[in-house]
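Visitor:
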Amino acid sequence: MGKKDRPVGERMRAALRAVRLEAWKAAIVYAVVDAVALFLVANLLVAAFDPAAIPAQVSVPDQLTDAVITVTGASLSGPTVPGSALVALVVGVVTLVVELWVRLRRPLIEQFEAVNPDIAEALRTARDAIADEQDSAMAARLYEDVLAQLRETSGVALVNVYRLAATVFVIALVSLATVQVAAVDLALLDGDGPGSPTDGTDRPREFEGLEDGDSVLGDSEDVQAGDENLTAQIESTGGEEEVDPTQQFPSEEGTGDLSGDFESQQAGFAGSEDLEDAELIREYNLRIREDEEADT
Amino acid sequence: MSTTHDIDTIQRKLQDARDQIRKRIVGQREVLAQLLVCILADGNALLESNPGLGKTTMVRTIAEVTDLDFSRIQNTPDLMPSDITGTEIIRETDQGRDFVFEKGPVFANVVLADEINRATPKTQAALLEAMQEKQVTAAGETYQLPRPFFILATQNPIDQSGTYALPEAQTDRFMLKILVDYPNYEEERDIVEMFTTGTQQVPVEKVLTNDEIQAAQRHVRDVPIADDLQDRAIRLVRRTREEDTIEFGASPRASMALVLASKARAFLFGRSHVASEDIEALAAPVLRHRILLDFRAEREGQTADDVIQSLME
Chain L
18 MGKKDRPVGE RMRAALRAVR LEAWKAAIVY AVVDAVALFL VANLLVAAFD
68 PAAIPAQVSV PDQLTDAVIT VTGASLSGPT VPGSALVALV VGVVTLVVEL
118 WVRLRRPLIE QFEAVNPDIA EALRTARDAI ADEQDSAMAA RLYEDVLAQL
168 RETSGVALVN VYRLAATVFV IALVSLATVQ VAAVDLALLD GDGPGSPTDG
218 TDRPREFEGL EDGDSVLGDS EDVQAGDENL TAQIESTGGE EEVDPTQQFP
268 SEEGTGDLSG DFESQQAGFA GSEDLEDAEL IREYNLRIRE DEEADT
Chain G
40 MSTTHDIDTI QRKLQDARDQ IRKRIVGQRE VLAQLLVCIL ADGNALLESN
90 PGLGKTTMVR TIAEVTDLDF SRIQNTPDLM PSDITGTEII RETDQGRDFV
140 FEKGPVFANV VLADEINRAT PKTQAALLEA MQEKQVTAAG ETYQLPRPFF
190 ILATQNPIDQ SGTYALPEAQ TDRFMLKILV DYPNYEEERD IVEMFTTGTQ
240 QVPVEKVLTN DEIQAAQRHV RDVPIADDLQ DRAIRLVRRT REEDTIEFGA
290 SPRASMALVL ASKARAFLFG RSHVASEDIE ALAAPVLRHR ILLDFRAERE
340 GQTADDVIQS LME
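This is the structure we're talking about:
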């Protein structure tokens, strides 16, 4: 039986289902786009401000990894996810759920009526007539009228294209900003940013430029006040002469005049006293590097 | 079972009937629509106007284009109930004398009861009972009134001496109270030109049959109405019972009348569902004779229509 041959009441029911589906689609489109936008914004903010309360890496629960291993057969050893991504994911999911709930709370047919006012009263009446299971000639006439009008309307109006385009534009901007923040390693708060030497991970350091001494060596301390003394003897091996791996030191065969006792102290460094010293050291380092590069 | 094609045909004929009536009645479009609404909703109307505004011509024209019997009752203080409903008379036959019921003027499809407030309460009650029950009982016999049956009662807002005002319980039985106002200048000029040149009566065609009107009355009751619109009509009527400016509000009969009249108006205008404009257009005609204003509202010069309008906002 073709669509046209079906009873008009049945066709009306199908049309109402289609209208409700359109409203669902519109709600999902809005919710997904907004959720993605807020996911990216949250990710950006957490990455930029790096609040101390949010850990840099969060371990994936074993139950989850076990499930993944069971399904995929892949081997996973203690996988972690960035804390910022996890927070952003939570924000995105909450946004998705809340927006869907808010948008679907209003009757779907009324949402369609709001953007198609010409058909509003007829559609609402048809909806109520269908709910009351009216099948009189007048009801049939109403259904036919509404079906004819629905053919002239569209559910596209349910989606505000300008609003959607604005959100997509924001998504694009925030995406670019996220890439930029990741590239320059921006950290606005005093947290441990990704890639810093003390980030607590075993990841290789990718930064090859000159760094501040504090960031390399950790907190400064008084070099005069090591709290553990070790005695060591150092003997020269005579330059290019091969060394017997089994040879014990101090050696009687040494040719150097370095047989005296040495008193060692624990390694340490002095924090930069002022900006001029730091700049001077940085300048020396740069020159040394340039010389090395010139030699090679 | 009627098809949507039958409905289209009747609605088209109703439009033709309105066009025919307009050939003779200048202006008064809303009054005309309300009269037809009353017929389609199987109700009755109380028409208030000054003399000389074409009430009789209008009702007679409606009867002409709709193939309905028409009768007119001029109410006077000495009019007896049997003068309206009919009476038993002795008639000479071949078998001898026999009592025969002679039907009164109420036995017509369209009855114009002119100046109903000039009849005595007893006669008014007889007329209104016939209007409500759609039947007349005389000498123990019950006689059904013809269908469709429509009473248009008129009353004059001025010259109240020697009149018996209809009590609220009686006016509640009229579905609509229609106010006829004076025509504007252009309309009055057309009326003068129309009725002072050529033939005295502009001819109209009969476009609707009795059966079609009864079919239309059946369809009207089936016109779908959205739940929220029906709720709006009911809430409006209920608010008349709570409003401070109204001493006595409208009864549930008013709620039924408002919804049914709205359905009839939707049908008259070719629609298949009730629209909010139907309720807004008919709220005042349905309610204005069913509410009694508080004396303070009257002192401030408010009319029933003003209060109803404020209730709708």
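So the protein lines, in turn, are chains L and G. So for the first sequence, our numbering puts the first residue at 18; every next one is plus one. So for the second sequence, our numbering puts the first residue at 40; every next one is plus one. Virtual Cβ for every residue (Gly too), placed ideally from N, Cα, C.
(1) Can you tell which of G:Glu-352, G:Ala-192 and G:Thr-202 has its C-alpha closest to the C-alpha of G:Thr-159?
(2) Exposed or buried, which one is L:Leu-33 when buried takes at least 16 other CB atoms within 10 Å?
(3) Using 8 angstroms as the cut-off, can you tell me whether the stretch 214-223 of chain G makes contact with the stretch 80-94 of chain G, which would need three or more C-beta pairs spanning the two stretches below that distance?
(4) Quick one: residues in its chain with C-beta nearer than 6 angstroms to the C-beta of G:Ala-303, no 5 flanking neighbours on either side, listed in chain order?
(5) Note the first and the last residue of the continuous beta strand (DSSP E) segment covering G:Ser-110.
(6) Starting from G:His-328, find everything on chain B with Cβ-Cβ shorter than 7 angstroms and list it in chain order.
(7) Using Cβ-Cβ distances below 8 angstroms, what residues of the stretch 285-302 of chain G are close to chain L?
(8) So G:Asn-89 packs on G:Ile-155, CB below 8 angstroms; how close in whole Å?
(9) Can you confirm whether G:Ile-318, when its beta carbon is compared against all beta carbons of chain L, has any partner nearer than 9 angstroms?
(10) If you draw a straight line from the alpha carbon of G:Tyr-182 to that of G:Gln-341, how long is it in whole angstroms?
(11) Have a look at L:Glu-161, L:Ser-101 and L:Pro-68 and flag the residue whose alpha-carbon is nearest the alpha-carbon of L:Thr-195.
(12) Quick one: Cα of G:Thr-193 to Cα of G:Glu-232, how far?
(13) Quick test of your reading: G:Asn-148 and G:Ala-177, contact by CB under 8 angstroms. State the CB separation rounded to the nearest angstrom.
(14) Excluding the 5 residues preceding and the 5 following G:Pro-120 in the sequence, name in chain order all residues of the same chain whose CB lies nearer than 7 angstroms to its CB.
(15) Would you say G:Gln-348 reaches chain L, if we count a Cβ-Cβ gap shorter than 9 angstroms as a contact?
(16) Could you check the C-alpha separation between G:Thr-42 and L:Ala-154 for me, to the nearest Å?
(17) Kindly indicate which three-state DSSP category L:Pro-134 falls into: helix, strand or coil?
(18) Would a C-beta distance cut-off of 9 angstroms place G:Asp-317 and G:Ser-301 closer than the cut-off?
(19) Determine the extent of the alpha helix (DSSP H) in which G:Gln-348 is found, giving its start and end residues.
(20) Under 8 angstroms, CB to CB, which of the residues in the stretch 245-270 of chain G have a partner in chain L?
(21) For G:Thr-42, which residues in chain L fall below 7 angstroms Cβ to Cβ?
(22) Can you check whether the CB of L:Val-63 is closer than 9 angstroms to the CB of L:Ala-105?
(23) Locate the alpha helix (DSSP H) running through G:Glu-251, then write down its first and last residues.
(24) Taking Cβ positions, are L:Met-29 and L:Ile-147 nearer each other than 9 angstroms?
(25) How many angstroms separate the CA atom of L:Val-132 from the CA atom of L:Ser-171?
(26) Would you mind telling me which residues of chain L sit closer than 7 angstroms to G:Ile-46, beta carbon to beta carbon, in chain order?
(27) Quick one: give me the first and last residue of the beta strand (DSSP E) that G:Asp-137 is part of.
(28) Determine whether the Cβ of L:Glu-138 lies closer than 9 angstroms to any Cβ atom of chain G.
(29) Just verifying my parser: in three-state terms, what is the DSSP assignment at G:Phe-213?
(30) Can a CB atom of chain L be found closer than 9 angstroms to the CB of G:Val-313?
(31) Taking the DSSP output, what are the residues bridged to G:Val-175?
(32) DSSP three-state label for G:Ala-84, please.
(33) Which of the three DSSP states, helix, strand or coil, is assigned to G:Asp-270?
(34) Report the three-state DSSP secondary structure of G:Gln-194 (helix, strand or coil).
(35) L:Ala-35: buried (16+ other C-beta within 10 angstroms of its C-beta) or exposed?
(36) Take L:Ser-192 and list the residues in its own chain whose beta-carbon comes closer than 8 angstroms to its own, dropping the five residues that flank it on each side.
Guide: Answer, in terms of the structure:
(1) Position 120 of the second sequence, counted from the first residue, corresponds to residue 159 of chain G. Looking at the Cα atoms, G:Thr-202 is the closest of the given residues.
(2) On the first sequence, residue 33 of chain L is found 16 positions in, with the first residue counted as 1. Buried, by the Cβ-count rule.
(3) yes
(4) Mapped onto the second sequence, residue 303 of chain G falls at position 264. For G:Ala-303, where only same-chain residues beyond five positions count, the Cβ hits under 6 angstroms are Val-76, Leu-79, Ala-80 and Val-259.
(5) On the second sequence, residue 110 of chain G is found 71 positions in, with the first residue counted as 1. Per DSSP, G:Ser-110 belongs to the beta strand (DSSP E) from 109-113.
(6) This model lacks chain B altogether, as its protein chains are L and G.
(7) none
(8) One-based indexing of the second sequence puts residue 89 of chain G at position 50. One-based indexing of the second sequence puts residue 155 of chain G at position 116. In fact, because the Cβ distance is near 16 angstroms, the residues do not count as touching under 8 angstroms.
(9) As a position in the second sequence, residue 318 of chain G is number 279, starting the count at 1. By this cut-off, G:Ile-318 is not an interface position.
(10) In the second sequence, residue 182 of chain G corresponds to position 143, counting from 1. In the second sequence, residue 341 of chain G corresponds to position 302, counting from 1. In a straight line, the C-alpha of G:Tyr-182 is about 44 angstroms away from that of G:Gln-341.
(11) Here residue 195 of chain L is taken as the residue at index 178 of the first sequence, counted from 1. Looking at the Cα atoms, L:Ser-101 is the closest of the given residues.
(12) Along the second sequence, one-based indexing puts residue 193 of chain G at 154. Along the second sequence, one-based indexing puts residue 232 of chain G at 193. Cα to Cα, the separation comes out at about 26 angstroms.
(13) Residue numbering aside, residue 148 of chain G sits at position 109 when the second sequence is read from its first letter. Residue numbering aside, residue 177 of chain G sits at position 138 when the second sequence is read from its first letter. The Cβ separation is near 20 angstroms, so there is no contact.
(14) Position 81 of the second sequence, counting from 1, holds the residue named residue 120 of chain G. So the qualifying residues of the chain are Lys-161, Thr-162 and Ala-165.
(15) Within the second sequence, the letter at position 309 stands for residue 348 of chain G. So no, G:Gln-348 is outside the interface.
(16) One-based indexing of the second sequence puts residue 42 of chain G at position 3. One-based indexing of the first sequence puts residue 154 of chain L at position 137. If I take the Cα positions, the gap works out to 6 angstroms.
(17) Walking along the first sequence from the start, residue 134 of chain L turns up at place 117. Helix.
(18) Walking along the second sequence from the start, residue 317 of chain G turns up at place 278. Walking along the second sequence from the start, residue 301 of chain G turns up at place 262. Cβ distance < 9 angstroms, so G:Asp-317 and G:Ser-301 count as in contact.
(19) For the purposes of this step, residue 348 of chain G is identified with residue 309 of the second sequence, where counting begins at 1. 343-351 is the span of the alpha helix (DSSP H), which, as asked, contains G:Gln-348.
(20) His-258, Asp-261, Val-262, Pro-263, Ile-264, Ala-265, Asp-266, Asp-267 and Leu-268
(21) Here residue 42 of chain G refers to the residue found at position 3 when the second sequence is read from its first residue. The answer, in chain order, is Ala-154.
(22) Looking up residue 105 of chain L in the first sequence gives position 88. Looking up residue 63 of chain L in the first sequence gives position 46. Going by C-beta atoms, L:Ala-105 is nearer than 9 angstroms to L:Val-63.
(23) The count along the second sequence starts at 1 and reaches residue 251 of chain G at position 212. Start and end: 249-261.
(24) What you label residue 29 of chain L is simply residue 12 of the first sequence in a count that begins at 1. What you label residue 147 of chain L is simply residue 130 of the first sequence in a count that begins at 1. Yes. Within cutoff.
(25) Taking the first sequence and counting its residues from 1, one reaches residue 132 of chain L at position 115. Taking the first sequence and counting its residues from 1, one reaches residue 171 of chain L at position 154. If you take the alpha carbons of L:Val-132 and L:Ser-171, they lie about 9 angstroms apart.
(26) Locating residue 46 of chain G in the second sequence gives position 7, counting from the first residue. Ordered by position in chain L, the residues that pass the 7 angstroms Cβ test against G:Ile-46 are Ala-154, Met-155 and Arg-158.
(27) Along the second sequence, read from residue 1 onward, the residue named residue 137 of chain G stands at position 98. Residues 135-142.
(28) Counting from one through the first sequence, the residue named residue 138 of chain L turns up at place 121. So, interface residue.
(29) As a first step, residue 213 of chain G is located in the second sequence; it is residue number 174 there, counting from the start. It is coil, neither helix nor strand.
(30) Within the second sequence, numbered from 1, the residue matching residue 313 of chain G stands at position 274. For G:Val-313, the answer is yes, since a Cβ of chain L falls inside 9 angstroms of its Cβ.
(31) The residue given as residue 175 of chain G occupies position 136 in the second sequence. Beta-bridge pairing links G:Val-175 to G:Tyr-182.
(32) For the purposes of this step, residue 84 of chain G is taken as residue 45 along the second sequence, with counting starting at 1. Residue state, collapsed to three classes: strand.
(33) Your numbering for residue 270 of chain G matches position 231 in the second sequence. DSSP places G:Asp-270 in helix when its eight states are reduced to three.
(34) Here residue 194 of chain G refers to the residue found at position 155 when the second sequence is read from its first residue. Looking at G:Gln-194 - three-state DSSP - the assignment turns out to be strand.
(35) Counted from its first residue, the first sequence places residue 35 of chain L at position 18. Classification of L:Ala-35: exposed, given that the 10 Å Cβ count is below 16.
(36) Residue numbering aside, residue 192 of chain L sits at position 175 when the first sequence is read from its first letter. Result list for L:Ser-192: Leu-57, in chain order.
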